[in-house]
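Visitor: Here it is, the structure, as structure tokens.
Protein chains in written order, with our numbering: chain A, 389 to 714; chain B, 13 to 516.
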């Protein structure tokens with residue numbers, strides 16, 4: 389029990405519950421099951437993206453191209469659906485995921501093969517992928533009436549009272565719990581991030597591990613491309629513009645250390661949920677959009693301060709042993 | 013005859029301990045104006061701890077530092093700098109992106125009106141200072157990163173002169189210099205002597221010490237064991253002081269009859285680090301690699317482990333040519349490496365003990381690609397118990413363990429892969445006596461079970477106490493190989509490592 393109380397994730401969950409409770413006082417009905425389900429639904433895409441970003445951040449990198457990858461993959465399936473409405477939607481989902489995987493792998497190749505820092509590579513691909521959307525769509529939007537009914541339905545159909553969109557997130561979260569705690573790859577994400585040099589000396593291929601992290605973040609971005617276009621029923625150059633920073637914010641709030649090696653699936657999920665609750669609650673209690681941004685921003689800084697304090701304590705310990713061996 | 017002088021700096025009764033390690037025990041050191049004192053000792057003798065005490069990085073547990081007869085407390089590097097003590101070493105703290113003049117005057121730049129920096133005055137004074145020390149070829153406005161290491165040393169010296177430093181510490185200043193640059197450095201030291209500076213010169217190279225120093229002080233195991241004038245002392249006497257301890261430390265070396273040849277290295281070369289390395293290793297044998305720091309021993313081992321690529325040469329394991337391009341391949345072929353720098357390269361601090369132990373055996377503990385925690389704990393328990401690792405639980409973060417226990421975790425990780433050859437690089441450096449004995453005992457145990465062991469060590473008692481054979485390397489080459497029998501004297505190893513001829 390005490391171990392659970394010490395965990396950052398526990399306190400984040402408590403904080404989210406407190407926020408819901410407080411919002412419910414001001415606006416009764418906010419904590420009703422259907423409204424809460426709505427918030428989870430609104431946070432689902434962010435949750436999936438945060439998990440992809442998490443594996444990248446764990447390896448001491450960052451993927452700034454996630455939102456552009458999402459928009460490009462989303463546009464590809466939107467155009468296909470517009471041109472050939474008969475192609476079954478699950479196949480389009482696979483196409484979106486595959487396109488995302490390729491775009492992510494492209495980032496990974498530059499980082500692994502050429503050793504360019506991830507922030508530089510993905511800053512470049514962020515712009516390039518957006519540019520490609522403009523090229524393939526000829527600057528046009530894909531409007532709501534262009535989509536086939538099933539394209540739109542595949543995020544909305546309710547199963548056991550929840551829309552499919554939520555179930556996709558649930559499946560991916562479960563898959564990540566297994567990936568991170570029960571596979572050699574998951575273990576090597578942590579090892580590479582905590583101490584890349586020691587990882588090399590333990591026989592782990594650090595470059596390959598980073599490459600795979602970008603493949604995963606790309607795959608999830610691409611899949612979310614379909615989810616986004618289906619949910620908001622629009623394909624355009626502007627889709628999810630700037631959203632990569634929201635994804636990073638969710639990770640940071642969830643306690644995933646930007647310096648790598650530290651972070652959990654639960655943290656990423658709760659980080660996304662926290663932003664979802666803030667964005668859902670503030671309009672209900674009549675707080676202006678300006679304050680929404682300010683509060684999200686304050687939460688990020690607070691999370692970094694708390695993370696920093698935890699890290700400092702363990703750093704001192706390292707210093708002591710280092711001096712002892714000097 | 014030298015007229016007795018007052019020492020410029022006098023350290024007396026200085027002690028400094030770290031958890032589990034006594035680095036300095038009541039040592040003394042005297043530096044005289046206009047003279048060079050050489051500080052001599054094996055690795056781990058306490059030389060760098062003393063330098064850090066003199067430059068305000070460490071505070072001594074006890075003892076006194078006097079400058080010109082007055083007791084001083086060097087509470088910080090800045091205080092030491094103010095007191096006129098300046099250190100020059102390979103990683104001298106200078107700023108690559110700043111100009112030469114800025115580096116010289118950082119913190120005490122000449123000021124013009126409104127407290128702004130007087131650039132013209134600063135550059136002019138820098139030019140004068142550089143010219144004084146024969147470095148007129150360095151332009152004050154060059155960026156430091158564009159200079160060679162030798163020229164960076166000159167800038168550091170100019171910085172010392174700019175604050176009228178009276179004491180200059182040179183910690184292995186010649187390590188990365190060419191022959192010509194070393195001669196220039198000696199000219200500069202002669203100039204500093206003529207200016208009345210007191211100089212502390214640390215080097216492993218006897219020819220340099222005899223060329224430049226007037227006095228010597230010898231440290232061994234954190235204690236001062238001798239001092240005097242170099243002109244009255246032979247190299248042999250100094251070597252004897254360095255290694256002088258009776259090798260009475262008991263090493264748990266078991267006698268093993270070596271088995272078949274496991275590893276053979278032939279004509280192994282690297283473009284810059286080592287050349288013509290060849291040796292063979294049999295099962296059950298402990299092969300020691302001795303040499304000075306920078307002799308290329310670790311580089312050879314890292315290459316055998318697939319971290320760096322050799323340019324030429326072949327490695328045979330059980331008679332078959334083995335191509336090793338990555339650590340993963342080395343582990344597959346049965347070669348494992350316990351690196352010297354535990355904190356950075358060895359243990360994955362931040363992960364729990366059991367994950368560290370199983371890190372190289374994840375295939376073994378998985379089924380259908382999924383890790384089985386129960387198997388992991390079983391493996392981790394088996395090997396940590398074999399190494400007698402004491403920890404609260406296997407879930408404990410490795411970063412919170414002592415150096416000795418971290419070392420055991422790293423060794424456990426490799427043993428779990430069931431290797432043929434284990435390479436231990438300075439396996440007991442910086443760990444407490446108890447863990448040292450445990451590591452030695454274990455090493456002996458492994459050899460008796462038929463593992464082939466390579467041990468890189470700079471500690472003479474260890475290398476002589478544990479090895480069956482000893483290879484000495486100097487400047488990237490193997491210079492001699494000894495059978496470790498009663499006829500082997502520690503002096504022979506030190507001479508081979510330092511390149512001192514028998515006749516000298």
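All C-beta atoms in this analysis are idealised placements derived from N, C-alpha and C, irrespective of residue type, glycine included. Bear in mind the structure is a predicted one, so any value in this text is a computation, not a measurement.
Can you check whether the C-beta of residue 559(A) is within less than 8 Å of a C-beta belonging to chain B?
Guide: Locating residue 559(A) in the first chain gives position 171, counting from the first residue. Not one chain B Cβ lies under 8 Å of residue 559(A).
Visitor: Cβ of residue 575(A) less than 8 Å from any chain B Cβ?
Guide: Sequence index remark: in the first chain, residue 575(A) carries index 187 (1-based). So, interface residue.
Visitor: Please report the straight-line C-alpha distance between residue 714(A) and residue 566(A), rounded to a whole angstrom.
Guide: Taking the first chain and counting its residues from 1, one reaches residue 714(A) at position 326. Taking the first chain and counting its residues from 1, one reaches residue 566(A) at position 178. Reliability fails at residue 714(A), whose pLDDT of 34 lies under 50, so the model's placement of it is uncertain and no value is given.
Visitor: Can we say the stretch 509-520 of chain A touches the stretch 451-470 of chain A, given the rule of at least three CB pairs closer than 8 Å?
Guide: With the cut-off at 8 Å, the stretch 509-520 of chain A and the stretch 451-470 of chain A touch.
Visitor: For the beta strand (DSSP E) containing residue 101(B), list its first residue and its last residue.
Guide: Taking the second chain and counting its residues from 1, one reaches residue 101(B) at position 89. From DSSP, the beta strand (DSSP E) with residue 101(B) extends over 97-101.
Visitor: Could you give the DSSP three-state label for residue 577(A): helix, strand or coil?
Guide: As a working note, residue 577(A) is residue 189 in the first chain. In this structure, residue 577(A) counts as helix in the three-state DSSP scheme.
Visitor: Measuring straight from C-alpha to C-alpha, what distance separates residue 464(B) and residue 146(B)?
Guide: For the purposes of this step, residue 464(B) is taken as the residue at position 452 of the second chain. For the purposes of this step, residue 146(B) is taken as the residue at position 134 of the second chain. The straight-line gap from Cα to Cα measures roughly 54 Å.
Visitor: Between the C-alpha atoms of residue 50(B) and residue 212(B), what's the straight-line distance to the nearest angstrom?
Guide: By 1-based counting over the second chain, the position of residue 50(B) is 38. By 1-based counting over the second chain, the position of residue 212(B) is 200. Computed Cα separation, rounded: 6 Å.
Visitor: Of all the residues that make up the stretch 465-491 of chain A, which are near chain B by a beta-carbon distance shorter than 9 Å?
Guide: Cβ contacts with chain B come from no residue of the stretch 465-491 of chain A.
Visitor: Below 8 Å on the Cβ atoms is my guess for residue 655(A) versus residue 643(A); work out the distance and round it to an integer in Å.
Guide: On the first chain, position 267 is the one that residue 655(A) refers to. On the first chain, position 255 is the one that residue 643(A) refers to. That pair is a contact at about 4 Å.
Visitor: Pairing CB atoms from the stretch 217-227 of chain B with CB atoms from the stretch 238-248 of chain B, are three or more of them under 8 Å?
Guide: The stretch 217-227 of chain B, when compared against the stretch 238-248 of chain B, does touch it at the 8 Å Cβ threshold.
Visitor: CA-CA distance, residue 733(A) and residue 45(B)?
Guide: Outside the shown range of chain A (389 to 714) lies residue 733(A), about which nothing can therefore be said.
Visitor: Taking CB distances under 8 Å as the criterion, tell me whether residue 509(B) reaches chain A.
Guide: By 1-based counting over the second chain, the position of residue 509(B) is 497. Not one chain A Cβ lies under 8 Å of residue 509(B).
Visitor: Taking the alpha carbon of residue 420(A) as the reference point, which residue from 680(A), 586(A), 669(A) has its own alpha carbon closest?
Guide: By 1-based counting over the first chain, the position of residue 420(A) is 32. Ranking 680(A), 586(A), 669(A) by Cα distance to residue 420(A) puts 669(A) first.
Visitor: Tell me which residues of the stretch 641-668 of chain A have at least one Cβ-Cβ distance to chain B shorter than 9 Å, keeping chain order.
Guide: So the close ones are 649, 650.
Visitor: Name the residue from 563(A), 684(A), 628(A), 569(A) whose alpha carbon lies nearest to the alpha carbon of residue 651(A).
Guide: To locate residue 651(A), count along the first chain from 1; it is residue 263. Nearest option by C-alpha distance: 569(A).
Visitor: Tell me which residues share the same chain as residue 384(B) and place their Cβ nearer than 8 Å to its Cβ, disregarding the 5 neighbours each side in the sequence.
Guide: Position 372 of the second chain holds residue 384(B). Around residue 384(B): 377, 378.
Visitor: Measure the alpha-carbon distance for residue 429(A) versus residue 395(A) and round it to whole angstroms.
Guide: As a first step, residue 429(A) is located in the first chain; it is residue number 41 there, counting from the start. As a first step, residue 395(A) is located in the first chain; it is residue number 7 there, counting from the start. Distance between the alpha carbons of residue 429(A) and residue 395(A): 26 Å.
Visitor: Identify, in the order they occur along the chain, each residue of the same chain with its Cβ nearer than 6 Å to the Cβ of residue 576(A), setting aside the five sequence neighbours on each side.
Guide: Translated into positions along the first chain, residue 576(A) becomes position 188. Once the five neighbours on either side are set aside, the close Cβ partners of residue 576(A) are 592, 597.
Visitor: Rank 17(B), 154(B), 202(B), 214(B) by C-alpha distance to the C-alpha of residue 57(B) and give the top, closest one.
Guide: Taking the second chain and counting its residues from 1, the one referred to as residue 57(B) is at position 45. Of the listed residues, the one whose Cα sits closest to residue 57(B) is 214(B).
Visitor: Identify, in the order they occur along the chain, each residue of the same chain with its Cβ nearer than 7 Å to the Cβ of residue 672(A), setting aside the five sequence neighbours on each side.
Guide: Within the first chain, the letter at position 284 stands for residue 672(A). Cβ within range, chain order: 411, 415, 418.
Visitor: In chain order, what residues of the stretch 39-52 of chain B put their CB closer than 9 Å to some CB of chain A?
Guide: Going along the stretch 39-52 of chain B in chain order, one finds no residue with a Cβ nearer than 9 Å to chain A.
Visitor: Within a Cβ cutoff of 6 Å, which residues of the same chain sit near residue 194(B), ignoring the five residues on either side of it in sequence?
Guide: Position 182 of the second chain, counted from the start, is the residue given in the question as residue 194(B). So the list reads 186, once near-sequence residues are dropped.
Visitor: Which runs of the alpha helix (DSSP H) fall wholly inside the stretch 428-508 of chain A and span at least 4 residues, in chain order?
Guide: For the stretch 428-508 of chain A, whole alpha helix (DSSP H) runs of length 4 or above, ordered along the chain, are 454-471, 477-501.
Visitor: Helix, strand or coil for residue 6(B), going by three-state DSSP, please let me know.
Guide: Absent from the model: residue 6(B). The displayed extent of chain B is 13 to 516, so no value can be given.
Visitor: Roughly how many angstroms separate the alpha carbons of residue 505(B) and residue 190(B), rounded to a whole number?
Guide: By 1-based counting over the second chain, the position of residue 505(B) is 493. By 1-based counting over the second chain, the position of residue 190(B) is 178. Whole-angstrom Cα-Cα distance: 25 Å.
Visitor: Using 8 Å as the limit for Cβ to Cβ distance, is residue 517(B) near chain A?
Guide: Since the first residue shown for chain B is 13 and the last is 516, residue 517(B) is missing from the structure and cannot be characterised.
Visitor: Taking 8 Å as the threshold (beta carbon to beta carbon), is residue 319(B) in contact with chain A?
Guide: Walking along the second chain from the start, residue 319(B) turns up at place 307. It does; some Cβ of chain A falls within 8 Å.
Visitor: Is the stretch 411-428 of chain B close to the stretch 220-238 of chain B, with three or more CB pairs under 8 Å?
Guide: No contact exists between the stretch 411-428 of chain B and the stretch 220-238 of chain B.
Visitor: Show which residues of chain A have a CB atom less than 8 Å away from the CB atom of residue 338(B).
Guide: To locate residue 338(B), count along the second chain from 1; it is residue 326. Within chain A, the residues near residue 338(B) are 591, 593.
Visitor: Return yes when the Cβ of residue 253(B) is within less than 8 Å of the Cβ of residue 277(B), no when it is not.
Guide: What you label residue 277(B) is simply residue 265 of the second chain in a count that begins at 1. What you label residue 253(B) is simply residue 241 of the second chain in a count that begins at 1. Going by C-beta atoms, residue 277(B) is not nearer than 8 Å to residue 253(B).
Visitor: Excluding the five sequence neighbours on either side, which residues of its own chain have a C-beta within less than 7 Å of the C-beta of residue 425(B), listed in chain order?
Guide: Within the second chain, numbered from 1, the residue matching residue 425(B) stands at position 413. Hits under 7 Å: 368, 369, 371, 372.
Visitor: In whole angstroms, give me the CA-to-CA distance for residue 708(A) and residue 364(B).
Guide: The residue given as residue 708(A) occupies position 320 in the first chain. The residue given as residue 364(B) occupies position 352 in the second chain. Confidence at residue 708(A) is low in this model, with a pLDDT of 37, below 50, so the placement of that residue should be treated as unreliable; the coordinate-derived value is given next. Answer to the nearest angstrom: the Cα atoms are 19 Å apart.
Visitor: Relative to the alpha-carbon of residue 176(B), which residue among 209(B), 475(B), 150(B) has its alpha-carbon at the smallest distance?
Guide: Mapped onto the second chain, residue 176(B) falls at position 164. Residue 176(B) has its Cα closest to that of 209(B), out of 209(B), 475(B), 150(B).
Visitor: With H, G and I counted as helix, E and B as strand and the rest as coil, what does DSSP make of residue 198(B)?
Guide: Here residue 198(B) refers to the residue found at position 186 when the second chain is read from its first residue. DSSP places residue 198(B) in helix when its eight states are reduced to three.
Visitor: Could you check whether the stretch 120-140 of chain B touches the stretch 85-95 of chain B, counting it as contact only if at least three pairs of C-beta atoms, one from each stretch, sit closer than 8 Å?
Guide: These segments do not touch.
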